[in-house]
Structure formats: structure tokens, C-alpha cells
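Remarks on the structure that follows.
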Amino acid sequence: MMATEIKGIAASEGYAIGRAVILREDAVPEGITYVESGDEAAELNRFDSAVAAARVELEALLERMKSDGREKEAEIFEAHLMLLEDEELIGAAQERIRGQRYKAESAMNESGEEVAEMLASLDDEYLRERAADVRDVSRRVIRKLGNASDSEAAKAPVANKNEKSILFAFDLTPSDTAQLDPSVIGGFVTAAGGRTSHSAIIARSVGIPAIVGAGEGALHIEEGQLVIVDGAAGLVLIEPEDKELAHYQALQEQAAGKRALLDQYRGKPSISADGHQVELVANIGSVQDARQAREHGAEGVGLFRTEFLYMGRPDLPTEEEQFTAYKEAAEAFGPDAPIVIRTMDIGGDKELPGLQLEKEDNPFLGYRAIRICLDRPDLFKTQLRAVLRASAFGNLKIMYPMIAALAEWRAAKALLEEAKQELRSENIAFNEQIEAGIMIEIPAAAQMADRFAREVDFFSIGTNDLVQYTMAADRMNPKLGYLSDPLHPPVLRLIDQVIRAAHQENKWVGMCGEMAGTPVALPILLGMGLDEFSMSASAVLPARALLSRLDRSKLASLAEAVLDLDDAEEVRSYVEQHVPELNR
Ligand code: PEP
Ligand code: MG
Numbered sequence: 002m003m004a005t006e007i008k009g010i011a012a013s014e015g016y017a018i019g020r021a022v023i024l025r026e027d028a029v030p031e032g033i034t035y036v037e038s039g040d041e042a043a044e045l046n047r048f049d050s051a052v053a054a055a056r057v058e059l060e061a062l063l064e065r066m067k068s069d070g071r072e073k074e075a076e077i078f079e080a081h082l083m084l085l086e087d088e089e090l091i092g093a094a095q096e097r098i099r100g101q102r103y104k105a106e107s108a109m110n111e112s113g114e115e116v117a118e119m120l121a122s123l124d125d126e127y128l129r130e131r132a133a134d135v136r137d138v139s140r141r142v143i144r145k146l147g148n149a150s151d152s153e154a155a156k157a158p159v160a161n162k163n164e165k166s167i168l169f170a171f172d173l174t175p176s177d178t179a180q181l182d183p184s185v186i187g188g189f190v191t192a193a194g195g196r197t198s199h200s201a202i203i204a205r206s207v208g209i210p211a212i213v214g215a216g217e218g219a220l221h222i223e224e225g226q227l228v229i230v231d232g233a234a235g236l237v238l239i240e241p242e243d244k245e246l247a248h249y250q251a252l253q254e255q256a257a258g259k260r261a262l263l264d265q266y267r268g269k270p271s272i273s274a275d276g277h278q279v280e281l282v283a284n285i286g287s288v289q290d291a292r293q294a295r296e297h298g299a300e301g302v303g304l305f306r307t308e309f310l311y312m313g314r315p316d317l318p319t320e321e322e323q324f325t326a327y328k329e330a331a332e333a334f335g336p337d338a339p340i341v342i343r344t345m346d347i348g349g350d351k352e353l354p355g356l357q358l359e360k361e362d363n364p365f366l367g368y369r370a371i372r373i374c375l376d377r378p379d380l381f382k383t384q385l386r387a388v389l390r391a392s393a394f395g396n397l398k399i400m401y402p403m404i405a406a407l408a409e410w411r412a413a414k415a416l417l418e419e420a421k422q423e424l425r426s427e428n429i430a431f432n433e434q435i436e437a438g439i440m441i442e443i444p445a446a447a448q449m450a451d452r453f454a455r456e457v458d459f460f461s462i463g464t465n466d467l468v469q470y471t472m473a474a475d476r477m478n479p480k481l482g483y484l485s486d487p488l489h490p491p492v493l494r495l496i497d498q499v500i501r502a503a504h505q506e507n508k509w510v511g512m513c514g515e516m517a518g519t520p521v522a523l524p525i526l527l528g529m530g531l532d533e534f535s536m537s538a539s540a541v542l543p544a545r546a547l548l549s550r551l552d553r554s555k556l557a558s559l560a561e562a563v564l565d566l567d568d569a570e571e572v573r574s575y576v577e578q579h580v581p582e583l584n585r
């Protein structure tokens with residue numbers, strides 16, 4: 002009989018084989034219980050002591066994660082410590098005890114649920130997933146009220162020394178996940194959660210195969226059953242047949258072999274078989290991403306999506322905070338590595354509570370990115386000053402998103418000049434020669450690339466937006482997949498035109514849209530002469546390996562030929578047919 006299969010969301014790639022262990026949820030206080038009148042002060046004391054004990058526990062966890070170099074997990078516990086100071090969470094619970102005579106457990110649970118439910122109702126997926134962090138913190142305080150120790154997830158039993166455990170849970174709290182020991186837990190499956198939940202993020206960072214959102218049916222598993230987690234397909238196989246087991250063991254070996262092969266390309270230059278060198282850099286959204294990108298073999302950063310510093314918080318990041326983030330990102334790579342800081346690109350699919358932007362009918366065609374920055378020079382200059390100050394500590398470059406008109410570039414340049422002037426008069430050091438460039442992600446800018454190239458220091462082509470604006474196909478709409486393809490010749494023609502225009506003026510040109518890390522696009526872009534490829538960190542080593550097999554001198558004619566084909570499908574098969582190195 003074939004194995005029973007459960008389908009979920011593929012949250013972290015890889016294959017795990019092991020015995021099921023089930024993590025039961027903590028008991029949550031049901032209903033509301035009250036203390037006697039007059040006992041409020043004592044109850045408040047009991048609550049404050051529990052919060053203090055939770056703080057001690059979190060501080061210890063934070064230290065442990067930091068000393069183990071687990072930065073992502075450390076960030077989560079830092080955020081949890083901040084939640085312990087939160088007025089809406091802790092202050093509201095205290096108020097329930099003081100004003101409404103709630104028992105401490107009820108007060109914490111009610112306040113936690115209120116904040117979590119508010120977050121869970123938001124449109125923004127990232128903020129929605131933060132509801133899990135609030136519940137995690139509130140459960141920790143409740144456990145402390147009962148004097149319980151930390152969750153036992155990390156100590157889940159192992160069936161036998163040679164077999165790892167596969168953890169099944171309704172949902173893993175971020176602290177549960179951070180404490181998973183990869184030498185014991187081979188993978189995990191949760192009934193709830195999405196791809197951007199913290200448990201999924203940590204699983205990817207630690208490299209544990211994981212499936213989330215598998216539904217409550219997944220919890221009907223029996224403890225000790227043999228399970229396969231296929232983290233690539235989002236599939237759980239329960240009690241697999243010998244044939245299936247052998248298949249997955251082979252896949253595990255293959256994956257390990259591939260990893261070892263790719264490892265050879267770490268720290269090597271990005272160079273084609275005939276000696277043409279390009280730059281393979283990473284797209285990042287945080288300092289932690291920068292460190293990881295470095296580990297993944299990136300030579301620097303081609304796109305720092307700085308808007309992530311602004312999101313998920315009610316206020317705006319200060320100049321100091323931004324300065325530290327940009328400086329630390331540069332320091333993660335060392336003084337010479339290029340670090341392209343893109344000024345914030347809010348709007349479109351990215352909302353910002355701190356700015357209270359109006360809802361728009363067409364946010365992708367609306368008040369977004371540089372359009373907001375030029376309208377709010379106060380906000381923009383804070384960021385420009387932070388980037389300039391950080392430029393004294395590394396090879397930073399500045400890049401403006403969503404440029405449609407020359408006037409926008411010139412206005413941004415004037416504000417950068419003002420910021421420089423301010424720093425000079427304050428005697429603050431920065432790199433006077435800092436390069437400033439623009440993203441080419443609007444067809445208008447691509448069409449005027451020859452004019453822009455005379456004035457800017459570099460271009461970076463943002464194909465995610467360039468495709469949606471060229472094909473008039475919303476990048477978030479899954480029904481338009483056939484149009485949202487950068488291999489369509491109209492897009493390729495614009496890219497070709499932009500690269501030629503830049504080189505005509507001796508300027509370098511990069512690409513930071515998803516296309517840059519797509520294997521089938523690499524031969525075309527190399528043939529067109531693209532200088533810098535910026536991609537998600539995990540794509541860097543595979544791209545360097547492919548590059549090393551390609552002969553650039555043969556690709557110029559391929560790059561020209563694809564411009565004359567009918568559509569993306571034709572381009573794809575043409576490249577696959579003419580570039581056998583893709584399949585090795
Ligand atoms: C792009 O549009 O290609 C790009 C890299 O920017 P973002 O995805 O952040 O809009
Ligand atoms: Mg874009």
C-alpha cells in the first residue's frame with residue numbers, strides 16, 4: 002500500500018525522514034476568572050513577577066542564540082523582549098487586573114488575544130504572521146504564572162539514535178522553532194502557518210525541511226510513525242513503502258552531493274568559461290540577510306530593500322537606526338564589496354502604518370517610492386543622510402526606485418546634494434564620490450535610457466516591475482502568469498536597449514529583479530553584456546556554477562536572436578535548445 006499523503010505549504014526545502022513526535026499545545030486559560038475585591042494589588046504583583054521571570058528567560062535565550070551565531074532567532078527574542086514592554090499588551094493586562102479584577106492568567110490571555118486578533122485581521126501578510134509572536138509572549142507569561150519552565154519542543158524524544166524526529170504541531174511558536182535542535186529534529190509539519198511565519202523563516206535559515214499550513218488532519222498522525230517530509234513539494238508521506246523510502250533516500254543523497262559541488266564556488270570570482278567576469282550579488286532586506294548572503298557566496302549587495310526597515314512598526318526609523326543598519330550591512334561584507342542601498346520603496350504592495358497612506362484604486366500606478374520621497378523631503382533626507390554617513394564605512398552606492406522622468410532623478414540628486422552639504426557643514430564624514438544610480442523598472446525610463454545614462458552613475462534593471470508595466474499585468478495576480486514573464490521579447494528588447502545605452506556612456510548596468518537569478522535568463526543577459534546580477538542569496542552559487550560553464554563569446558548572437566522570437570515560450574525553448582550547459 003502506498004503511503005498516506007498530506008499536502009501543505011512548502012516552507013523550507015529539503016527532504017527529511019524520521020519518526021513522528023507530536024508537540025501538544027500548552028493549556029490556555031478558558032473564560033475569565035476574577036480575584037476577590039481587595040486582592041488586586043497582590044495579583045498585580047504576581048503578574049509583574051511573572052513578566053520579570055519571562056524577561057529573564059528571554060534574555061537568556063537571546064544570549065544563547067547570539068553566542069551560537071543564530072542571528073535570526075536572536076532578532077525574534079529581541080522583538081519578544083520589546084513586546085514585554087508593550088503598553089497594549091502588558092499595560093492592558095495590568096489594567097484588566099487593576100480595574101476589572103481579572104486573575105493574572107485571564108488578563109494576560111485576554112490582552113494577548115486582543116492584540117493577536119487585531120494583527121491577524123490586517124491585510125499585510127507579514128504583520129498577520131506577527132500574531133504568533135504576541136501569542137508566544139503571552140503564553141510565556143502565563144507559563145511563568147504557573148511556574149512552568151520553557152517549552153520542551155527542543156527536547157522532543159528521539160525514537161532511536163540513527164533516526165531523527167519529525168515534529169508535528171498545530172503551530173510552532175517562534176521560540177519553539179528557535180530552540181529546535183537540527184541534530185535531533187529532522188523536519189517539522191504544522192497544521193497552521195504560512196510561508197512568512199517566523200517558524201517558516203527560521204526553518205529556512207537553519208535548513209530544516211518544513212511544511213506549514215497542512216491542516217488539522219496532519220495532527221492525526223500517531224507518535225512513532227515513519228514519516229517523510231518533502232519540503233520542496235510541500236508533501237508529507239506517512240508510513241512510506243520501501244520503494245518510496247529508497248526514492249527519498251536517493252534524493253537526500255543527491256541534494257547533499259549538489260551542495261558539496263556548489264560549495265566549490267564559494268569565495269571564487271564569477272567568471273565565464275572564456276574568462277569574462279561579472280558580479281554576482283544579493284538582494285537583501287535586513288542586516289541579517291546581508292550576513293547570510295555573504296555565507297551564500299554573494300560578492301556584495303545589488304539591492305537593499307530598505308523599506309523593510311520602515312515596515313511592521315507604527316513609527317519611522319530614525320537616521321541613527323538607518324545609519325547603523327547600512328553600516329552593519331557593509332561591514333558584513335568588508336570595505337570593498339559593493340552595497341547598493343535602494344531608497345525606500347513604499348506603496349504598491351507594501352504598506353506603511355507610520356505614513357498613513359490613503360487607499361488607492363491602483364496602488365502600483367500610484368503614490369509610491371520616489372514619488373513619496375520627493376513629496377516628503379524631510380523623510381527622504383533622513384534616509385539620504387543615513388546612507389551618506391554609512392558610506393564612510395564601506396563601498397555604498399545609492400539607488401532610486403521607480404524613476405519615470407528625468408526631473409525625478411534630478412530632484413533626487415539635488416536633495417542628495419543638500420544632504421551632503423549639511424553633513425559637510427556638520428563635519429560628518431562621508432564618501433564624496435558615492436555613486437548614485439536609478440532603477441530601470443518603468444518602460445518610460447527604459448525608453449529614455451540613453452538620456453539618463455549621461456547623468457547617472459549606474460542602472461539596475463528591476464524586471465519585477467518592468468514586466469508588470471510593459472505587459473500591463475499586475476505582478477500579484479496569479480491568473481496572469483503567462484504575461485508576467487521576463488522572457489517576453491518586448492521586455493528583452495527594453496533590457497537590451499538599456500544595457501546598450503549604459504555602455505555607450507561607459508556606465509555599468511545591473512539587474513535586481515527576479516530574472517537575474519533565473520538560470521534560463523543568464524545566457525541571454527550575459528550575451529547582452531549585463532555587468533552585475535543581483536538575486537536571492539540561495540541563487541548565487543548555482544548561478545556562479547552555470548556561469549563557469551558558459552562561453553560568453555558565443556552568447557551575443559543568442560541574445561540577438563531571441564529579440565526576434567514571438568513570445569516567452571519560444572525564447573525559453575530556443576535557449577534550452579542552444580545552451581546545453583543549462584542541463585548539466
Ligand atoms: C523590481 O521591481 O524588479 C525590483 C527589484 O524591485 P521590487 O521587487 O522591490 O519592486
Ligand atoms: Mg520594483
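Take 2 as the starting number for the sequence shown in this note's numbering and just add one per residue.
The beta carbon of each residue, even a glycine, is placed where N, CA and C say it ideally should be.
Small disclaimer: the values here were computed from a predicted structure and weren't measured.
- Secondary structure of V138 (DSSP, three-state): helix.
- Taking all protein chains shown into account, Q265 has fewer than 16 neighbouring C-beta atoms within 10 Å of its C-beta and is therefore exposed.
- For P175, there is no enclosing beta strand (DSSP E); the enclosing alpha helix (DSSP H) covers residues P175 to A179.
- With a cut-off of 7 Å, the C-beta of L304 is classified as near the ligand PEP, since at least one heavy atom of the ligand falls inside that distance.
- Within the chosen limit of 7 Å, the ligand PEP does not reach the beta carbon of C374 with any heavy atom.
- In this structure, the straight-line span from the alpha carbon of S535 to that of G298 is close to 12 Å.
- In the displayed model, D49 falls within a helix according to three-state DSSP.
- C-alpha of K8 to C-alpha of L236: approximately 5 Å in a straight line.
- Ranked by Cα distance from G188, the first of A387, V22 and M66 is V22.
- The segment 192–211 makes contact with the segment 174–183, as at least three CB pairs between them are under 8 Å.
- The residue among S392, N284, A215 and A560 with its C-alpha nearest the C-alpha of V190 is A215.
- T464 sits buried, since 16 or more C-beta atoms from the chains shown fall within 10 Å of its C-beta.
- CA-CA distance, V57 to M66, rounds to 14 Å.
- The Cβ-Cβ distance between L356 and L385 does not fall below 8 Å.
- DSSP links E359 through a beta bridge to no other residue.
- Between M449 and L407, the CB-CB gap stays under 8 Å.
- A direct Cα-Cα distance of roughly 42 Å separates D87 from L542.
- N465 has its CB nearer than 7 Å to a heavy atom of the ligand MG.
- For V510, the beta-bridge partners assigned by DSSP are F460.
- Taking 8 Å as the upper bound for CB-CB distance, A274 and S558 are not in contact here, some 16 Å apart.
- Counting along the chain, Q278 sits inside the beta strand (DSSP E) bounded by residues Q278 to I285.
- In the displayed model, A299 falls within coil according to three-state DSSP, outside both helix and strand.
- Collapsing the DSSP output to three states places F171 in coil.
- A heavy atom of the ligand PEP is found nearer than 7 Å to the CB of G514.
- Distance between D379 and I342, taken at the CA atoms: about 18 Å.
- In the DSSP annotation of this structure, the continuous segment of the alpha helix (DSSP H) that includes V576 starts and ends at A569 to H579.
- Of the candidates M477, S485 and G530, G530 places its Cα closest to the Cα of I496.
- Exposed is the label assigned to K259, since fewer than 16 other Cβ atoms lie within 10 Å of its Cβ.
- Put simply, of I500, L24 and L467 the residue whose alpha carbon is nearest the alpha carbon of P487 is L467.
- Excluding sequence positions up to five before and after T34, its CB lies within less than 8 Å of the CB of Y103, K104, E106 and S107, all in the same chain and listed in chain order.
- Taking a C-beta distance under 8 Å as the contact criterion, D134 and A80 qualify as a contact pair.
- Using a 10 angstroms sphere on the CB of L366, the tally of other CB atoms stays under 16, which defines it as exposed.
- In this structure, N284 lies away from R267, with their beta-carbon atoms at least 8 Å apart.
- Under DSSP, K351 forms a beta bridge with G348.
- Between the alpha carbons of E359 and A446 lies a distance of about 26 Å.
- Of all C-beta pairs linking the segment 239–248 to the segment 35–47, fewer than three are shorter than 8 Å, placing the two stretches out of contact.
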